[in-house]
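What follows is one structure encoded as structure tokens, with my remarks underneath.
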Amino acid sequence: MEEDSLNRPCGALVIGGSAGSLQVLFQLLPILKPALTFPVILVLHRRNSADSTLSEVLSSKNQNPVKEVEDKDPVLPGNVYLAPADYHLLVERDFTFSLDYSEKVNFSRPSIDVTFESVAEVYGRLAVALLLSGANEDGTKGFLSVKSSGGRTIVQDPETAQMPFMPHHAITHSSVDYILNITQMADLINRL
Amino acid sequence: MEDEDIDLLLTDLFDLYGYDFTNYSRASLKRRIVRLCSIDKFPSFAELRYKVRTDEAYLKRFVEEITVNVTEMFRDPSFYKSLREDILPVLGTKPFIRVWHAGCSTGEEVYSLAILLKEANLLRKSLLYATDLNPTVLEKVRKGIFPLNQMKQYSESYIASGGVNDFSTYYTANYGQAKFDQSLAEKIIISTHNLVSDGSFNEFDLILCRNVLIYFDKDLQDRVLKLFDASLGSLGYLALGTKETLKFSVVQHNFKQLNREKIWKKIV
């Protein structure tokens, strides 16, 4: 763990999750403080369907507004952005979102790796990436990018994850700064 | 790979070949270039750049790979349902229907619309212009041959879009490929057209450009939307991808959004 971790501002928090991650977000998002000083970007593996109700469901009890991203939306602090189903989500250097309908990565679109890598590139050492429950290898490569750009990485403690494979894979194949349960995650995020 | 490297490469592409990618969304473009560099096993960026500068055959592959050519039939069934129910009955009142699929890639969406027109009994008086900047993908449009293993999913999307026929009646299966009916292909006119550099070439009743603008920056999006505006007849329709919008664009006041689907009607 790096000593200056908590003294360094956060430019963006990007959260990746797959199977078993929604339950975590339902608990985590409501206990985040209002008016966060950075944007939160959610990349979740989900069924590709027209229904956009997930952002509404995630909004409830959440003190920071949740928005499903549309092409070229600005990335603003204090907002929670949800990657739309069936698009990769990237961040441009001018802090706007880009969507991308290219090949799936890790059998996934959106792919967590794609967004982690993009956030690492734009935010560098101010990037914070959090990887939640899942049964897939997505996120591990992205963690490597975040680390090599000097950012910070957090995983959900696999012991507390419904599907421990994804956080466990990141721990064993990349470099992880914090392994936390939900309460600890909220504590850390609220101090970023 | 540094941002400056990308700039160098884009300058080469324009100076040597006239391809202008400078207003493409940079994050996505860079990712495509890094990906290609790795797939084609270039030891460094310099080797990739040299190959692009000196090998015209490789240039073709390069352009094909850095542009995204992923598409499917009846993607977003509710969009096609709206075309079927809201748009085609209006277009059907015209003596002749001209459609432009801009950035059509391998043509799955062109064939989807041709099927809708056929079912509405409008195909015989329609022409579908299918354009893309890659000549290779247009060859696939002309052939109308798509992977057979996709047909189950396409059939489900077709049904969800309001289709009532047996989807397999539209193609012949052979050696893992589905060859679509010649009567559909007959109404499709293919041509290379680069949205960045080429102008308007006809007046249309419906322009479809779905999931193409996401790869362009705001300035280029505005330019392309102006081109569409100039290429649409009065009361013509413009259809974009589900996460794309005319809002905040230079032409937004010339259009009115019809419903929840991303379909706009030209009102001036």
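In order, the protein sequence lines correspond to chains A and B. Taking this note's numbering, the leading residue of the first sequence gets 1, the next gets one more, and so forth. Taking this note's numbering, the leading residue of the second sequence gets 1001, the next gets one more, and so forth. Note that CB positions come from ideal geometry on N, CA and C, so glycine has one too.
Are the CB atoms of A/Ala-170 and A/Thr-140 nearer to each other than 7 Å?
In this structure, A/Thr-140 lies closer than 7 Å to A/Ala-170 by Cβ.
Going by DSSP, what residue range makes up the alpha helix (DSSP H) through B/Arg-1097?
The amino acid at residue 1097 of chain B is misidentified as Arg; the sequence shows Ile. Where B/Ile-1097 is concerned, there is no enclosing alpha helix (DSSP H), although the beta strand (DSSP E) it sits in stretches over 1097-1102.
Determine whether the Cβ of B/Glu-1244 lies closer than 7 Å to any Cβ atom of chain A.
Yes - at least one Cβ of chain A is within 7 Å of the one on B/Glu-1244.
Quick check: the Cα distance between A/Ile-15 and B/Ser-1197, rounded to an integer number of angstroms?
Spanning the two alpha carbons is a distance of roughly 39 Å.
Taking 7 Å as the CB-CB limit, is B/Ser-1105 close to chain A?
So, not an interface residue.
Given this structure, state the Cα-to-Cα distance separating B/Gly-1018 from B/Asp-1166, to the nearest angstrom.
Each residue's alpha carbon lies about 45 Å from the other.
Do you know how far the Cα of A/Val-69 is from the Cα of A/Thr-183?
Whole-angstrom Cα-Cα distance: 27 Å.
How about the region 1137-1151 of chain B and the region 1172-1186 of chain B: do they share at least three Cβ pairs that are nearer than 8 Å?
Result yes; three or more Cβ-Cβ pairs closer than 8 Å.
Where does the unbroken beta strand (DSSP E) through B/Tyr-1175 begin, and where does it stop?
Run containing B/Tyr-1175: none; DSSP gives neither H nor E here.
Of the residues B/Lys-1243, B/Thr-1245, B/Asn-1121, B/Leu-1238, which one's Cα is nearest the Cα of B/Pro-1095?
Among B/Lys-1243, B/Thr-1245, B/Asn-1121, B/Leu-1238, the Cα nearest to that of B/Pro-1095 belongs to B/Asn-1121.
Taking DSSP as the reference, what is the three-state secondary structure of B/Arg-1075?
Residue state, collapsed to three classes: coil.
Could you name the residues of chain A that B/Ser-1025 contacts, counting a contact when the two beta carbons are closer than 7 Å?
Correct list: Glu-92, Ser-98.
Does A/Asp-113 come out as helix, strand or coil in the three-state DSSP assignment?
Correct three-state label for A/Asp-113: helix.
Who does B/Phe-1255 pair with in a DSSP beta bridge?
Looking at the DSSP assignment, B/Phe-1255 forms a beta bridge with B/Lys-1266.
If we cut at 7 Å on Cβ distances, does A/Tyr-101 have a partner in chain B?
Chain B, which has a Cβ nearer than 7 Å to the Cβ of A/Tyr-101, makes this yes.
Throw me the rounded Cβ distance for the B/Ser-1155 and B/Asn-1202 pair, which I believe falls under 8 Å.
Rounded, the Cβ-Cβ distance is 33 Å, inconsistent with contact.
Quick check: the Cα distance between B/Lys-1266 and A/Thr-153, rounded to an integer number of angstroms?
The alpha-carbon atoms of B/Lys-1266 and A/Thr-153 are separated by roughly 48 Å.
Tell me which residues of the region 112-134 of chain A have at least one Cβ-Cβ distance to chain B shorter than 9 Å, keeping chain order.
Those residues of the region 112-134 of chain A that come within reach of chain B (Cβ to Cβ, closer than 9 Å) are Val-114, Glu-117, Ser-118, Glu-121, Val-122.
Am I right that B/Arg-1084 and B/Ser-1161 are in contact with their C-beta atoms under 8 Å? What's the rounded C-beta distance?
About 7 Å; that satisfies the 8 Å criterion.
Mapping the DSSP letters down to three states, classify A/Glu-68 as helix, strand or coil.
DSSP places A/Glu-68 in strand when its eight states are reduced to three.
State the Cα-Cα distance for the pair A/Glu-2 and A/Asp-177, rounded to the nearest angstrom.
Model confidence at A/Glu-2 stands at a pLDDT of 49, short of 50, so the residue's coordinates are unreliable and nothing is read from them.
For A/Phe-107, does the count of other Cβ atoms within 10 angstroms reach 16, so buried, or fall short, so exposed?
Counting Cβ neighbours within 10 Å, A/Phe-107 comes out exposed, since fewer than 16 surround it.
Since B/Glu-1109 and B/Thr-1071 should fall inside the 8 Å C-beta cutoff, what is the C-beta to C-beta distance between them, to a whole number of angstroms?
Yes, B/Glu-1109 and B/Thr-1071 are in contact; Cβ-Cβ is about 6 Å, under 8 Å.
Count the other CB atoms, across all protein chains shown, that sit within 10 Å of the CB of B/Thr-1067; report buried if there are 16 or more and exposed otherwise.
Buried, since its Cβ has 16 or more Cβ neighbours within 10 Å.
From which residue to which residue does the alpha helix (DSSP H) around A/Pro-167 run?
Segment 165-173, the alpha helix (DSSP H) holding A/Pro-167.
Give the DSSP bridge partners of A/Phe-97, in chain order.
Bridge partners of A/Phe-97: A/Val-91.
Is the distance from the Cβ of A/Gly-78 to the Cβ of A/Leu-36 below 7 Å?
Yes, Cβ-Cβ distance for A/Gly-78 and A/Leu-36 is below 7 Å.
Taking the alpha helix (DSSP H) that A/Gln-23 falls in, what are its first and last residues?
Per DSSP, A/Gln-23 belongs to the alpha helix (DSSP H) from 21-28.
Please classify B/Ser-1044 as buried or exposed, where buried requires at least 16 neighbouring CB atoms within 10 angstroms.
The residue in question, B/Ser-1044, is exposed, as its Cβ has fewer than 16 Cβ neighbours within 10 Å.
Going by alpha carbons, who is nearest to A/Leu-99 out of A/Lys-72, A/Glu-117, A/Arg-125, A/Leu-76?
Comparing Cα positions, the closest option is A/Lys-72.
Once the 5 residues before and after A/Thr-53 are set aside, which same chain residues still bring their CB inside 7 Å of it?
If we look at A/Thr-53 and ignore the five residues flanking it on each side, it has no Cβ neighbours.
Can you tell me the Cα-Cα spacing of B/Gly-1107 and B/Tyr-1237, whole angstroms?
Computed Cα separation, rounded: 20 Å.
Between A/Tyr-101 and A/Glu-159, what straight-line distance do the alpha-carbon atoms span, to the nearest angstrom?
About 34 Å.
What residues from chain E crowd round B/Ser-1028, counting only those whose CB sits closer than 7 Å?
You won't find chain E in this structure, because its protein chains are A and B.
Helix, strand or coil: how does DSSP classify B/Phe-1201 here?
It is coil, neither helix nor strand.
Locate the beta strand (DSSP E) running through A/Ala-35, then write down its first and last residues.
Here A/Ala-35 belongs to no beta strand (DSSP E), and DSSP marks it neither H nor E.
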